[in-house]
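Here my numbering is used: the first residue of the sequence shown is 464, the next is one more, and so on. Just below is one structure, and these are the notes that go with it.
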Amino acid sequence: MSDPPHRVTDRASDYIHGATDAREIARLEKQARFVAPWSLAAFDALEGMRVLDLGTGIGAMAGEIAARFPGIELVGLDRSPAQLAVARARHPVATYVEGDAAALPFADASFDRVHASWLLEHVSDPMAVAREIARVLCPGGVAHIVEVDNATLRTEPPLSIVRELMDALGAAQRAAGGDPSIGRKLRPLLEHAGFVSVEVRSLPLVGDAGDGAFFRAFVEEFAEIFESIDETLAPAMLPRIDEAAARLRALPSITGAAIHYAPVLARAVR
464 MSDPPHRVTD RASDYIHGAT DAREIARLEK QARFVAPWSL AAFDALEGMR
514 VLDLGTGIGA MAGEIAARFP GIELVGLDRS PAQLAVARAR HPVATYVEGD
564 AAALPFADAS FDRVHASWLL EHVSDPMAVA REIARVLCPG GVAHIVEVDN
614 ATLRTEPPLS IVRELMDALG AAQRAAGGDP SIGRKLRPLL EHAGFVSVEV
664 RSLPLVGDAG DGAFFRAFVE EFAEIFESID ETLAPAMLPR IDEAAARLRA
714 LPSITGAAIH YAPVLARAVR
């Protein structure tokens, strides 16, 4: 949901959300708890299946997958040794492997399921990654992909500073070789990568007074995303980051306020 000269498939290099420090670890753990209930609702894995969590990072989503699907053989892959060290310490529910998402160190047809959330937004050759996902899936295997469509974020009342920060986030992502609108491109991407059946849907999320806890978690998610790019944007933007985060966190106290965002979920059968 978002370093030195990047390599196409180097998540550590393409990653725009700062160092793997205590703040970023806490953000990723909280993000997984916020995302998992709706992003994994359509995910399925049976006992004994071999499942790959691609771009596993600190293993937070691997932990959510393992909790929901006991008895699977779970493997997490990431390019970042620092994040994998955290994953092994905090979420010892998987075998963690350091590797390149566009050149996976696995045999053909070696997984029943592949899960990837917020990965393709960070790479500059998503087709190479999609083809590798297809290669390592067994015939009939399923890829479950969750991605961003950052143009869909809006608030009521409208907050121009939030749009300003989303635009800055998008510019930083594109400069690093990523794509803040990759969700809109999942269908042709996966079809051209060799999947035989592709289902793609936008999932409109709304936070408002009808569910105060979800509303607060929703605005906190984006406030922390903005705060996580303080190492990426120019120092002159830091006061704007602080202001945008504060304005978001104030939304639940405003009568009639709301926040809207529509991530994209894809289910692709090999």
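Beta carbons: idealized from backbone N, C-alpha and C, even for Gly. Bear in mind the structure is a predicted one, so any value in this text is a computation, not a measurement.
Taking the Cα of A565 as reference, the smallest distance to any Cα among S502, V538 and E595 is reached at E595. Counting other Cβ atoms within 10 Å of its Cβ, T618 reaches 16 or more and is therefore classed as buried. When the Cα atoms are used, F681 and I722 turn out to be separated by approximately 8 Å. With a beta-carbon spacing of about 7 Å, F685 and L616 fall inside the 8 Å limit used to define contacts. Taking the C-beta atoms as reference points, R733 is found nearer than 8 Å to V659. A672 and A485 have their C-alpha atoms some 31 Å from each other. Residues of the same chain with a CB within less than 8 Å of the CB of V611, apart from the 5 flanking positions on each side, are M464, S465, W581, E584, P643, S644, I645, G646, P726 and V727 in chain order. Between the region 686 to 698 and the region 518 to 538, the count of Cβ pairs shorter than 8 Å is below three; the stretches do not touch. Per DSSP, reduced to three states, the secondary structure at G562 is coil, with no helix or strand assignment. In the DSSP assignment, G526 falls within the unbroken alpha helix (DSSP H) covering A523 to R531.
Where I624 is concerned, the enclosing alpha helix (DSSP H) starts and stops at S623 to A638. DSSP, read as helix, strand or coil, puts V586 in coil.
Going by beta carbons, D575 and R513 fall inside the 8 Å limit. A contact between stretches requires three or more CB pairs, one per stretch, nearer than 8 Å, and the region 505 to 521 meets this requirement with the region 539 to 548. When the Cα atoms are used, A699 and S716 turn out to be separated by approximately 29 Å. Counting only the Cα atoms, M590 lies some 31 Å from G534.
Its Cα nearest to that of E627, the residue L696 stands out among L714, L696 and I488. Cβ-Cβ distances below 7 Å link I624 to R703, E706, A707 and R710 in the same chain, with the five nearest sequence neighbours on each side left out; the list follows chain order. Cβ contact annotation for G562 (same chain, cutoff 6 Å, sequence separation greater than five): L540 and P568, in chain order. Between V609 and A731, the CB-CB gap reaches or exceeds 8 Å. Spanning the alpha carbons of E510 and V577 requires a straight line of approximately 15 Å. DSSP places G675 in the uninterrupted alpha helix (DSSP H) bounded by G675 to S691.
As computed with DSSP, S665 is found in a beta bridge with V727.
In this structure, L652 lies near A593, with their beta-carbon atoms less than 8 Å apart. Within the model, the alpha-carbon separation for S502 versus L701 is close to 31 Å. According to the DSSP secondary-structure assignment, F574 is paired through a beta bridge with L600. Distance from the Cα of H554 is smallest, within the candidate group E492, G603 and R679, for E492.
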